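A.B. asks: Once you've had a glance at the structure underneath, I'll fire off some questions.
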Amino acid sequence: MAGFRDIDRALFPIKSIAAVIEIFKHHLERTSEPDLALLSIIVGAVENSLTCGRPNAPQQISDPIESSRLPSLEYHTVEVLYNKFYAIMKGAVDVPAKNTTKTQYATRELVKKVSDAVWNTLSRSYYKDRAHLQSLFSYLTGNKLDCFGVAFAVVAGCQALGFADVHLALSEDHAWVVFGEFSTETAEVTWHGKGNEDKRGQEIGKGVAARSWLYVNNKPVVCTRAMEVAALVSAINPSLNATHDAYEVAYLQQELLWLLYDLGHLTKYPMAIGNLGDLEEISSTSGRIRCDILFREAISSARSYYDNMHVYPYTYQGGYFYRNKMYKEAFESWANASDVIRKYNYSRDDEEIYKEFLEIANELIPHIMKVESSGFSASCILKKPECFAYLLRFYDGICQWEEGSATPVLHIGWAKPLVNTISKFDSEVRAQVNIVCESSPGDSKFDHKAQTNGNATSCLNNNNNYCISEKENRSSDNELIHAIESKVISEESA
Ligand SMILES: FC(F)c1nnc(N2CCN(c3ncnc4sc(CC(F)(F)F)cc34)CC2)s1
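Throughout, the numbering used here is defined as the position within the sequence shown, counted from one, plus 69.
Rendered as structure tokens:
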């Protein structure tokens, strides 16, 4: 079998986190192709034993990482599961014997058959959003996978069948595959969201669907084999229950992400860098860069490789600033997140990012305004015009997101917290924000440079005004305020 080399065999039985890391190291550093099925089965088995196992008698834990805190994972167990996966895939497609030396590329029909093989072996009905349904261990022992897990299983299946051209493509809330000699073919292989008919087998829409955040304007993360390993590591879920994580699983995920980071496999994967930043904020690794630097690296990766069309790098960073009471910085991150979403049209497939912005606007910002207007605030953001400017840019981006969309975004639930927030800034603070509008369309939407003076970083245009958004064919940003006020009035009179 492709997966098992003698070196792998030698590392069994797996009794420690360190042994799992050794297997990943070997696959990433000393093989041409890490074996996705093997690594997913192993990490799924470890996660399952530490998060889903029945609470056995508390064993004395000397050092959970090095010593045998793990129930020993036998070579035979993994081998049986690996063979089962291979048999399912082999049975699904009659792959022509590799008699030619010519590289064989996958076809849409082949990809669909592999997707059907996974699809038709899933349990009839189960709670799709449950935790720990992302790995091939879950698939092979429980016939359950979440939507990411199905896409990953298809790519692992194609690898097992010898199709090295089939790769995982990832947006911020969906996954599909690319294939063919130049990786230009695309295919849906899993479902998305609730109650939507799956589009498996179809190519990724170029039309109106492509303008929704779900397909990130055709700027997905197209994975290499090693980045597919990073995706399965990112998908590790240390949750024990709603309030606790299994420490060893989080440690394993963090160490594997640093291994992938050091090998350069996270460079073009902003969300994986963000995941590592979250883990480092919880428990920092000595000698490693700080988590706030990781959040900045995720942003620069999205700007460099994905035309700044990804939202999550900014909300990772904004969440970090918020948790650490750095409210002005949080406003700036959220304004930058809003600058991304304004470029999209809102579609009903974009619920996940809608919920993200709704929580920022209606929970996080109101909480900040409450604690800041309690009079004991240290950061006195209510006196800073750039904070007012960031908030206007944040709201303006959401308004522009709605413009031109078939589905509305804003409703009365948005307007009250919004008006309440704006009214917390005194007029003399608001007066310092000059709204500069580029009248002629075609000008770059933003023509300003960020300027730092002292400790205040302000967002200035060339005439030294605080600018929040220069928008084509929008007469003035008073429209924004009027639009909001009219919403409040009309909804209240309704
Ligand atoms: F921005 C912060 F609030 C976020 N905190 N966690 C966030 N996640 C957690 C991790 N996450 C991810 N992390 C790595 N890779 C992927 S690929 C993907 C889409 C799908 F699941 F394949 F369909 C999601 C995702 C989704 C976004 S955003």
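Think of the CB as a built atom: it goes at the ideal place given N, C-alpha and C, for glycine as much as any other residue.
These numbers come from a predicted model, not from an experiment.
(1) Taking Cβ positions, are A319 and S352 nearer each other than 9 angstroms?
(2) Among Y396, G482, G466, N414, which residue has its Cα nearest to the Cα of L451?
(3) Pull up the DSSP beta-bridge partners for S308, would you.
(4) Measure the alpha-carbon distance for C227 versus E428 and round it to whole angstroms.
(5) Three or more beta-carbon pairs under 8 angstroms between the stretch 202-211 and the stretch 110-120, yes or no?
(6) Taking the straight line between their C-alpha atoms, what separation do you get for F390 and S402?
(7) Please confirm whether V425 and V380 have their CB atoms less than 9 angstroms apart.
(8) To the nearest angstrom, report how far apart W260 and R199 are at their CA atoms.
(9) Would you mind reading off the limits of the alpha helix (DSSP H) that contains T210?
(10) Contact check, S141 vs P103 under 8 angstroms by CB: the rounded distance?
(11) Which residue from L230, R359, D331 puts its Cα closest to that of V183?
(12) List the whole-angstrom C-beta distance separating L301 from S109, where the pair is believed to meet the contact cut-off of C-beta under 8 angstroms.
(13) If you run the structure through DSSP and keep just helix, strand and coil, what is E455?
(14) With DSSP run on the structure shown, which of helix, strand or coil describes H261?
(15) Quick one: grab the DSSP three-state call for I83.
(16) Nearest to V281 by alpha carbon, out of A222, A484, K412, K453?
(17) For K540, I'd like the list of residues in its chain whose CB is within less than 6 angstroms of its CB, leaving aside the five on either flank, ordered along the chain.
(18) In angstroms with no decimal places, state the Cα-to-Cα distance between Y375 and V409.
(19) Regarding S109 and ligand 1, is the C-beta to nearest heavy atom distance less than 8 angstroms?
(20) With a 10 Å radius around its C-beta and 16 neighbouring C-beta atoms as the bar for buried, classify K439 as buried or exposed.
(21) Cβ of V235 versus every heavy atom of ligand 1: is any distance shorter than 8 angstroms?
(22) Using the rule of at least 16 other Cβ atoms within 10 Å of the residue's Cβ for burial, across every protein chain shown, is D512 buried or exposed?
(23) I'd like the ranges of any alpha helix (DSSP H) spanning at least 4 consecutive residues and lying wholly in the stretch 148-203.
(24) In or out: K94 buried (at least 16 other Cβ within 10 Å) or exposed?
(25) Tell me the DSSP secondary structure of T526 in three-state form.
(26) Considering only heavy atoms of ligand 1, does any lie closer than 8 angstroms to the CB of G388?
(27) Would you mind stating whether F248 and H236 have Cβ atoms separated by less than 9 angstroms?
(28) Please classify P477 as buried or exposed, where buried requires at least 16 neighbouring CB atoms within 10 angstroms.
(29) Candidates T336, D347, L179, A299: which alpha carbon is nearest V258's?
(30) Please identify the residue among A106, P435, A278, S303 whose C-alpha is closest to the C-alpha of V149.
(31) Consider the C-beta atom of A220 and the heavy atoms of ligand 3; say whether any pair is separated by less than 8 angstroms.
(32) From what residue to what residue does the beta strand (DSSP E) around E254 run?
(33) Distance check for H145 and H96, CA to CA, integer angstroms please.
(34) For E420 and A406, I'd like the C-alpha separation in whole angstroms.
(35) Would you mind giving the Cβ-Cβ distance between L348 and V298, rounded to the nearest angstrom? I have them listed as a contact below 8 angstroms.
C.D. replies: On the basis of the data shown:
(1) yes
(2) Y396
(3) D314
(4) 39 angstroms
(5) yes
(6) 9 angstroms
(7) Per the sequence shown, the amino acid found at residue 425 is Glu instead of Val. It is a contact, given that the beta carbons lie within the stated cut-off.
(8) 15 angstroms
(9) 205-211
(10) Rounded to the nearest angstrom, the Cβ distance from S141 to P103 is 23 angstroms, too far for a contact under 8 angstroms.
(11) L230
(12) 5 angstroms
(13) helix
(14) coil
(15) strand
(16) According to the sequence as given, residue 281 is Ser; it is not Val. Between S281 and the set A222, A484, K412, K453, the nearest pair of CA atoms involves K412.
(17) The predicted position of K540 is uncertain, since its pLDDT is 37 and thus under 50; no value can be drawn from it.
(18) 11 angstroms
(19) no
(20) exposed
(21) no
(22) Any reading at D512 must be qualified, since the residue scores a pLDDT of 35, below 50, and its modelled position is unreliable; no value is offered.
(23) 177-188
(24) exposed
(25) Confidence is the limiting factor: at T526 the pLDDT is only 31, short of 50, which leaves the residue's position unreliable, though a coordinate-based value still follows. T526: strand per DSSP, three-state reduction.
(26) yes
(27) yes
(28) exposed
(29) If you compare the alpha carbons of T336, D347, L179, A299 with that of V258, the shortest gap goes to L179.
(30) A106
(31) You won't find ligand 3 in this model; what it holds is ligand 1.
(32) Looking at the DSSP string, the run of the beta strand (DSSP E) that includes E254 is 254-256.
(33) 19 angstroms
(34) Rounded to the nearest angstrom, the gap between the Cα atoms of E420 and A406 is 16 angstroms.
(35) Incorrect: roughly 17 angstroms between the Cβ atoms, too far for contact.
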